[in-house]
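Number of protein chains: 2
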Amino acid sequence: MTHAASPPVPDGAHITICEVGPRDGFQIESTFIPTDKKIAIINALFAAGLRAMQVTSFVSPRAVPQLADAEAVLAGIDRPKGALITALIPNLKGAERAAACGVDAVHTVVSASETHNRKNVNRPIDASLKDFEAVCDLMLQKGIMVEGGIATAFGCPFEGVVPPEQVARIAKRYQDLGATAVGLGDTTGMATPATVRAAVQAIRAEAPGLGIGLHFHNTRGVGLACVMAGLAEGVTHYDASVGGLGGCPFAAGATGNICTEDLVYLLNESGYDTGVDLDAMITAAKLAQDIIGRELPGQVIKSGPRLRRYDPGLTATAAG
Amino acid sequence: MTHAASPPVPDGAHITICEVGPRDGFQIESTFIPTDKKIAIINALFAAGLRAMQVTSFVSPRAVPQLADAEAVLAGIDRPKGALITALIPNLKGAERAAACGVDAVHTVVSASETHNRKNVNRPIDASLKDFEAVCDLMLQKGIMVEGGIATAFGCPFEGVVPPEQVARIAKRYQDLGATAVGLGDTTGMATPATVRAAVQAIRAEAPGLGIGLHFHNTRGVGLACVMAGLAEGVTHYDASVGGLGGCPFAAGATGNICTEDLVYLLNESGYDTGVDLDAMITAAKLAQDIIGRELPGQVIKSGPRLRRYDPGLTATAAG
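Going line by line, the protein sequences match chains A and B. If you use this note's numbering, the first sequence corresponds to residues 12 to 331, in order. If you use this note's numbering, the second sequence corresponds to residues 12 to 331, in order.
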C-alpha cells in the first residue's frame with residue numbers, strides 16, 4: 012500500500028536537531044562517564060545552540076549503570092531559555108522520576124517488531140502500549156509532553172522487514188494516548204530512503220497532525236542520505252549524537268547515531284535554520300572526544316568547516 | 012545566477028558506478044601494493060558486477076610510485092565483456108601510454124580553481140585545457156573516449172568558493188574538445204547538496220548533452236547525501252572507492268572517497284539497477300582490506316546487508 016507524499020521542507024525553514032548523545036551515546040560506553048564530565052559536555056552542546064536534548068534515561072541503574080546519575084545530571088546542567096529537555100523513560104516509575112526532575116518531555120519506547128519488543132522489555136507490543144496509558148495520563152496531568160518512541164521502525168534484526176502499516180498503527184495509538192509526536196528509531200541501522208518515505212507517509216495517512224521525529228543510525232553509512240529523504244518528505248525533526256556516539260549491538264565496529272556536527276554541517280550548508288553554530292559544535296564534539304578518550308566517528312570534527320582555508324604555500328597533491 | 016532543475020532519475024533506472032579505488036585509493040597508500048595484489052582486488056571488483064573502473068593512472072612513476080606498474084596492471088586484469096576500462100592521464104605522454112594499453116577511455120584533470128591548478132600542475136587553467144587539445148585529438152583518432160575531469164569543482168582549499176559558472180565554462184571547453192562527459196571532482200570534500208545542484212544545473216545550461224559524472228569524497232560525512240542531491244538532479248554516474256579507500260590531503264584522519272559498497276547498498280535498496288551484487292562487493296572490500304592491512308572506513312563491510320538476520324536467542328539491548 013502506498014500513500015501520498017508530502018511537500019518537502021521549504022528553503023530556509025527551521026529544523027530541530029535533538030541531541031541524543033548524552034542518552035543513546037553515554038549508555039553504551041564501557042566506562043562510567045563522571046557526572047561532572049557529562050554536565051560539561053551537555054553544557055557545551057547547549058552553548059553551541061542546540062535547544063532540544065535527550066539528556067538521560069530513567070531506566071534501572073542495574074540495567075544501565077552508565078546513566079545511574081540521571082537525577083544529578085538533570086540537576087546540574089544549564090537549561091537555556093526555550094530549551095526542550097527530554098529523558099527516555101521505560102515505564103511509570105521512570106516517568107515519575109523524570110517528572111520530579113522537571114523535564115519538558117518524556118520519550119517512551121516500544122518496538123515495532125514483536126520479537127524485538129519481547130526481547131527488549133519482555134512483553135507484547137500491545138501490553139507495552141497499554142502500560143503507556145498511565146504514563147501518558149500522569150505526564151499530561153503534569154504538563155509534560157510525551158514523545159512516543161518506536162524502535163526498529165525501519166527493520167528488525169530478528170524479523171527483517173517491518174511493515175510501515177505496523178509503525179503507523181503504533182503511531183496512531185500513541186496519538187490517541189495524547190503523545191504530541193512519535194520518534195522513529197533506526198535501532199540497528201536498517202533505515203533507507205525508501206523505508207523512511209514509506210513509514211512517514213503511512214503515519215501521515217493514519218495519524219494526521221502527529222509530529223514525526225527521525226532517529227537514524229549510520230550503521231550502514233546512509234544516515235544522512237536518510238535525512239535527505241526525510242527532508243524531501245517534509246520532516247523537520249532529527250535526532251543526532253555528538254561525535255557520532257552510540258552504536259548498534261548487532262554491528263561491531265560500525266558507527267552509531269548520525270553525528271550531530273555532520274548533520275549541522277549538512278543542514279546549515281543547505282540553507283536551513285538549525286540555530287547551531289558549527290564551530291562551537293566542533294568544540295563540544297572535541298570536548299566529548301577528549302572526555303570519552305577514543306576517536307569518535309564524526310567527520311567534520313576531523314576535517315573542519317567547509318571554507319577552512321589553507322595556505323597556497325602548502326603542497327597540493329594529484330587531483331581527484 | 013540560477014538555472015533550471017532537471018527531472019530526477021526515474022525509479023528503477025540504471026546507475027553507473029565507476030570504481031576508482033585502484034587509482035584514487037591505491038595512489039595515496041603509504042606502501043606499494045604488489046601488482047598481483049592490485050590485480051586480485053580489481054578482478055574481485057569486476058566479479059561483483061562493476062562494469063566501469065578507473066584502473067590506474069599514467070602519471071610519472073617518480074610523482075606517484077604507487078602506480079608505477081600501470082602497464083602491468085592493465086595487462087594482467089580480467090576485462091569483462093562490456094566493461095569500461097579507464098585510466099587517469101595528466102598529459103599527452105600519459106595518453107599515449109594509456110592508448111598502448113587498450114583502455115576504453117581516459118580521464119584528464121584540470122582544477123576549477125586557478126590556485127589549485129597552478130599548485131597541482133604548475134600552469135594556468137587555460138594552458139591545461141589548451142594542452143588537452145592534442146590529447147583529445149589523439150584519443151578520438153584512436154577511438155578512445157575522453158572524460159574531462161574537473162577537480163575542486165565544489166570548492167577549493169585555497170580559494171574557498173568555486174563559482175558554478177567557472178565549472179560550466181571548463182565543461183563547455185571539454186565538450187568542444189570532444190569529451191563525452193565531465194567528471195566533477197570533490198577533491199577536498201567540500202561538496203554539499205546545494206553546490207552539487209548548482210554545478211550540475213550550470214553545466215546543463217552551458218553544455219547541453221554533455222555527460223556528467225560525480226566524484227564525491229566523504230571528508231565531511233555528506234558524500235551519500237550529495238549522491239541523493241545528484242539523483243534528484245537526474246545524474247546517473249557516480250565514482251566510488253572500494254572500502255572508502257582514498258583520502259584528502261587537507262583533512263588528516265577524515266575518510267576518502269565515498270565507499271563503493273555503501274553506495275551499492277544505498278542504490279540497490281532504493282530500487283536502482285547497479286548490476287552489482289552487494290555480498291560479492293563486500294567480499295571484494297574485505298579482500299582489499301586484508302591486502303591493504305588496515306581497517307577501511309566503509310560501513311557495510313562491518314555491518315553487512317540490511318536483512319542480515321540474527322538469532323532471537325541473542326540478547327537485545329535498550330532500544331534507541
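Positions of the beta carbon are idealized from the N, C-alpha and C atoms, including for glycine.
Nearest C-alpha to Ala179(A) among Cys147(A), Gly220(A) and Thr203(A): Gly220(A).
For Gly264(A), the number of other beta carbons within 10 angstroms of its own is below 16, and it is reported as exposed.
The continuous beta strand (DSSP E) containing Asp250(A) extends over residues His248 to Ala251. The criterion of a C-beta distance shorter than 8 Å is satisfied by Pro76(B) and Phe43(B).
Contact annotation: Thr163(A) and Gly196(A) have beta-carbon atoms nearer than 8 Å. Distance from Gln65(B) to Ala123(B) at the Cβ level is roughly 19 Å; contact not present, criterion being Cβ atoms closer than 8 Å. For Asp322(A), the closest of Pro168(B), Ala251(B) and Thr97(B) by C-alpha to C-alpha distance is Pro168(B). Straight-line spacing of the CA atoms in Ser68(A) and Leu78(A) works out to 7 Å. Remark: C-beta atoms of Val238(A) and Ala295(A) do not approach each other more closely than 8 Å. One finds Thr203, Arg231, Gly232 and Val233 in chain B with Cβ atoms closer than 9 Å to the Cβ of Tyr276(A), taken in chain order. For the pair Ile223(A) and Lys183(A), the Cα-to-Cα distance works out to about 12 Å.
In the structure shown, Gly254(A) adopts helical secondary structure according to DSSP, grouped into three states. Using beta-carbon distances, Leu289(B) does not count as an interface residue toward chain A, since no partner is under 8 Å. DSSP places His14(A) outside both helix and strand once states are collapsed to three, so it counts as coil. Separation of Gly309(B) and Leu225(B) (C-alpha to C-alpha, rounded to the nearest whole angstrom) is 19 Å.
Neighbours of Glu280(B) in chain A, taken as residues whose beta carbon is under 7 Å from its own, are Thr203 and Ala205 in chain order. Closest in alpha carbon position to Tyr249(A), among Ser41(A), His118(A), Gly194(A) and Lys297(A), is Gly194(A). By the Cβ-count criterion, Pro175(B) is buried, with 16 or more other Cβ atoms from all chains shown falling within 10 Å of its own Cβ. Looking at the backbone, the Cα of Val173(A) and that of Pro204(A) are separated by about 15 Å. Excluding its 5 nearest sequence neighbours in each direction, Pro45(B) has no C-beta neighbour in its own chain below 7 Å.
In this structure the region 279-291 of chain B does not touch the region 256-263 of chain B; the number of beta carbon pairs closer than 8 Å is below three. For Ser41(A), no alpha helix (DSSP H) segment is defined, and its DSSP state is neither H nor E. In the DSSP assignment, Asp284(A) forms a beta bridge with His25(A). Membership of Ile96(A) in the beta strand (DSSP E) is indicated by the continuous run Leu95 to Leu99.
DSSP places Ile161(B) within a strand segment (E or B) once states are collapsed to three. Under the Cβ distance rule, Phe261(A) counts among the residues neighbouring chain B, one pair being separated by less than 8 Å.
Under the 8 Å criterion on CB atoms, Asp273(B) is classed as interfacial with respect to chain A. Per DSSP, reduced to three states, the secondary structure at Cys270(A) is strand.
Taking the Cα positions, Leu274(A) is about 17 Å away from Pro33(A). Around the beta-carbon of His25(B), fewer than 16 other beta-carbon atoms lie within 10 Å, marking it exposed. In the three-state reduction of the DSSP assignment, Gln152(A) falls in the helix class. The beta strand (DSSP E) runs lying completely inside the region 182-236 of chain A and spanning 3 residues or more are 192-196 and 222-226, given in chain order.
With respect to the C-alpha of Arg208(A), the residue from Gly200(A), Phe165(A) and His228(A) having the closest C-alpha is Phe165(A).
Straight-line measurement puts the Cα of Ala51(A) at about 14 Å from the Cα of Asp80(A).
Counting every other CB atom within 10 Å of its CB across the protein chains shown gives Glu30(B) a total of 16 or more, marking it as buried.
Burial check for Leu318(A): the Cβ neighbour count within 10 Å stays below 16, so the residue is exposed.
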